Every structure is written in structure tokens, then in C-alpha cells.
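Going left to right, the sequence shown walks through residues 17 to 365 as this note's numbering numbers them. The beta-carbon is built from N, C-alpha and C at its ideal position, and this holds for glycine as well. Since the structure is predicted, the reported quantities are computational estimates derived from the model, not experimental observations.
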Amino acid sequence: MNQNYIQKTRSESGFFSALYNKVSEKRNPFVALRKSPFRKALLFFIGGILCSPTLWSQSFLEEMHARFRYVQPKEGPLISSFVPMVNLDGMGGQQDSDTLNYETSQESLRLALLQQYGIAHYDSMRLKYEARQQQFLANGVVALGIVDLRYQETNPLLEREGRIVLGDDSSFRFNLTGYSQAVYLEKYMLSVISPVERLRSDVVFAVLDSQLVLSNFPDWKKLKWTWVSGNTRIKLDWNVPFMLPKTGAGGPILGSLVCEVAENNERSQLMETPWYLGVGRLGLLANFKLFMNFPNGSAPDLLAQNDLSIHYYVDAVKPSMKAMYTIHLGYGEYGKVRTCMERPIIIVE
């Protein structure tokens with residue numbers, strides 16, 4: 017997983033969340049957090065499972081979830097027990113939220129589905145969610161979903177005071193003797209979900225689909241969202257398609273979904289630095305990035321020097337398939353750079 021999207025590190029992340037974030041960022045868990053004996057033990061375990069071909073399978077998630085059985089709050093499962101591989105504090109609905117790409121939004125979708133439906137129903141609900149997205153995409157419309165979620169994390173004080181211990185059965189336990197602070201912190205996650213990373217050049221419409229919302233707030237359907245992209249602002253209605261802002265072929269669509277709620281909205285109590293818009297008003301923000309494919313036949317050469325050329329190719333028969341790059345050595349007739357599928361030496365999917 018590409019972790020370049022992480023733009024900042026926030027100091028008050030929950031311990032388990034921060035731990036897994038650092039494991040995924042560093043790619044070497046034995047170096048990332050070697051100072052703590054407790055973390056050493058946990059990272060040894062994680063280092064093994066990250067190499068497992070069954071990562072994210074139901075059996076793996078059930079095993080990992082069981083290791084949190086003594087520290088689970090009554091209200092619902094800890095997000096940490098689903099092994100988050102993103103910086104959750106970067107998608108807290110705040111004005112300084114990270115810009116999400118396809119991979120990060122898919123991770124937020126995975127966590128939200130597990131939180132809402134549990135491990136046993138995760139696979140079926142994921143397939144149902146994706147089928148809904150593909151139904152729109154087949155008709156030239158990108159259906160956007162929203163994760164609007166309250167979740168719980170352990171108080172970082174527990175780790176700082178050495179109150180999280182690993183038992184002989186490899187399960188976590190709290191030592192709460194003499195501890196008077198909150199054990200769990202409630203937090204907020206806001207993310208935009210796209211079905212693809214790159215949109216076909218013929219996809220010109222998007223829709224905010226109410227059936228693709230994962231929220232545990234009762235007022236989610238009353239929220240009025242606005243698409244903001246540069247100087248373009250589009251007020252959105254649920255399930256009503258709108259035209260995507262134009263962008264150059266192959267270029268990114270940088271967008272934000274912005275919503276205004278009352279200052280006393282319960283989400284404001286879960287945000288580290290609420291975005292106040294004025295007296296009695298609070299803003300919610302989710303930044304994201306998509307890319308547009310080059311139209312067939314119009315892609316420029318990306319590199320043509322030293323007898324090496326790289327071309328961009330889209331399958332005209334199956335334009336919904338991911339684009340490919342082809343790498344060519346040498347030149348064709350009359351010294352011309354070879355065309356995209358003419359004698360490629362490498363095809364990159």
C-alpha cells in the first residue's frame with residue numbers, strides 16, 4: 017500500500033491506531049517502535065501477520081479481533097481491533113484534513129463496513145457495496161459514497177503510563193489500578209468513497225448516493241453537501257447526478273465535500289480542532305483526489321529519449337479496464353517512436 021498520502025503526524029492518536037500507522041509507514045516494525053518492550057512483543061506478532069497471504073481474510077480478522085477481547089468497550093468494537101493501515105486522525109472532518117486518494121478511502125470503507133456489520137458479514141456487504149458502484153459506473157456515472165462515523169480509541173494516557181499489557185495468551189489487558197481518566201476516547205471519521213482511482217474519459221457525471229453512506233449518526237441524510245473544486249462550487253442533492261468539473265486529460269480532479277452543521281452538532285465534540293465558520297456554525301470537510309484517463313488515441317508520449325519511449329494505452333474494447341503503460345526500445349519506420357502496442361518490450365498494468 018502506498019503511504020505517501022500521509023501528510024502530517026498528529027501526537028494524540030490512540031495507541032493502537034498510532035502503532036499500526038507507524039508499522040505501515042515504516043514497513044519495518046522492528047525498527048519503528050523498538051523502544052518499548054510491550055511494543056516489541058506486539059510488533060513481532062504484527063511483523064509475522066503482515067507477511068501472511070491471508071491478510072484481511074475473515075479468519076485473520078477474527079484472530080486479531082479476539083486479541084482485543086478484554087479491552088473492548090461495551091458500546092462497540094475498537095477500530096484498532098481491525099488493524100487500521102491509515103492515519104485516522106487525517107480524516108477527522110477538520111479544515112486541515114488530509115487529501116485522500118483511492119487507497120486511503122478504500123481503507124476507510126473497509127473499517128466502516130467492519131464497524132457497522134461485523135467480521136461475519138464483511139465480505140457480503142463489501143460485494144453489495146461494490147456492485148452498487150459498478151452499476152452506476154457502467155452507465156457513465158461515478159457514484160460517491162460517504163463514511164460518516166463515530167468510533168472509539170483507547171486513551172493514549174494508558175500507553176504513556178504503561179497500563180496496556182500483553183498477556184500470556186497474546187491478548188491485551190488494561191491495568192486500571194489508581195487510574196481515574198477516561199479509558200476510551202470517542203473520535204470522528206469522514207471520508208469520500210470512489211469506486212475507481214482513474215475515471216474513464218467518457219465519465220462526466222457523479223452522484224452522491226444515499227445507499228453508499230456508512231454512518232452511525234441519525235441526521236446523516238439531513239446534511240447538505242457542497243462540492244468544491246477550485247473556484248467551482250456545486251450544491252448537491254442526494255441521488256441527483258451532477259457534472260464533474262473539467263480537467264486536463266490524465267490530470268487529477270482535486271475536490272472537497274463541504275457541509276455546514278450547527279455548532280452544537282454532536283460531531284463537533286469528537287473533533288480535535290473543529291472548523292468554526294462563525295457564530296453557531298461548524299464546517300465538515302473531506303478532501304479527495306481522482307484522476308481522469310486520457311481519451312483513446314490522444315495520449316502523449318510520457319518519455320522519448322535514449323531510444324526508450326513510454327506510452328499510455330487504453331483498451332478501446334474494454335474502456336472500464338485499468339489503463340496500461342507500454343515501454344518500447346528503439347524506433348519504428350522512418351525513425352518514428354513506436355506506437356503504443358507496436359512491439360512493446362514491457363506492458364505495465
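Quick one: grab the DSSP three-state call for residue i.
i	result
Glu282	helix
Leu174	helix
Ala136	coil
Ser210	coil
Ala302	strand
Gly64	Confidence at Gly64 is low in this model, with a pLDDT of 46, below 50, so the placement of that residue should be treated as unreliable; the coordinate-derived value is given next. Gly64 falls in the helix class under three-state DSSP.
Leu252	coil
Thr242	strand
Tyr145	helix
Gln131	helix
Arg166	strand
Ala198	coil
Leu153	helix
Ser272	strand
Met101	coil
Met287	coil
Leu59	Note that Leu59 scores a pLDDT of 46, beneath 50, so its modelled location is shaky; the value from the coordinates is reported in the next line. Here Leu59 sits in helix by DSSP.
Leu125	helix
Gly161	strand
Gly106	helix
Would you say residue i touches the ligand FMN, meaning its beta carbon is less than 7 Å from a heavy atom?
i	result
Arg126	Here there are no bound small molecules, and the ligand FMN is not part of this structure.
Need the endpoints of the alpha helix (DSSP H) that residue i sits in, please.
i	result
Asn82	Residue identity differs from the one stated: residue 82 is Ala in this sequence, not Asn. Taken as a continuous stretch (DSSP letters only), the alpha helix (DSSP H) holding Ala82 covers 74 to 82.
Expressed to the nearest angstrom, what Euclidean distance is found between the alpha-carbon atoms of residue i and residue j?
i	j	result
Arg16	Lys305	Given a span of 17 to 365 for the chain in the structure shown, any question on residue 16 remains unanswerable.
Glu288	Glu202	10 Å
Val274	Lys251	10 Å
Gln122	Gly183	33 Å
Leu94	Gly134	12 Å
Gly296	Glu279	5 Å
Trp373	Glu276	Any question about residue 373 goes unanswered here, given that the chain covers just 17 to 365.
Asn37	Asn155	The predicted model places Asn37 with a pLDDT of 42, which falls under 50 and marks its position as unreliable; any figure quoted below should be read in that light. Going from the Cα of Asn37 to the Cα of Asn155 covers about 37 Å.
Ser217	Ser113	28 Å
Gln197	Trp291	27 Å
Ser284	Leu125	22 Å
Asn247	Gly161	23 Å
Asn232	Ser96	18 Å
Val87	Asn191	10 Å
Asn281	Glu79	37 Å
Tyr200	Ile343	52 Å
Glu146	Val158	12 Å
Gly92	Gln131	8 Å
What residue does the beta strand (DSSP E) around residue i start on, and which one ends it?
i	result
Ala222	221 to 231
Phe188	188 to 190
With burial defined as no fewer than 16 other Cβ atoms inside 10 Å of the residue's Cβ, what is the status of residue i: buried or exposed?
i	result
Lys262	exposed
Pro100	buried
Glu169	buried
Asn171	buried
Glu211	At residue 211 the sequence reads Pro, which differs from the Glu that was named. Pro211 comes out buried.
Thr193	exposed
Ser75	exposed
Asp225	buried
Gln227	exposed
Please name the residue or residues paired with residue i in a DSSP beta bridge.
i	result
Thr115	Asn303
Trp367	As shown, the chain starts at 17 and ends at 365. That puts residue 367 outside it, with no answer to give.
Tyr204	Arg166
Val181	Arg189
Leu260	Paired residues: none, contrary to the question.
Tyr292	Leu298
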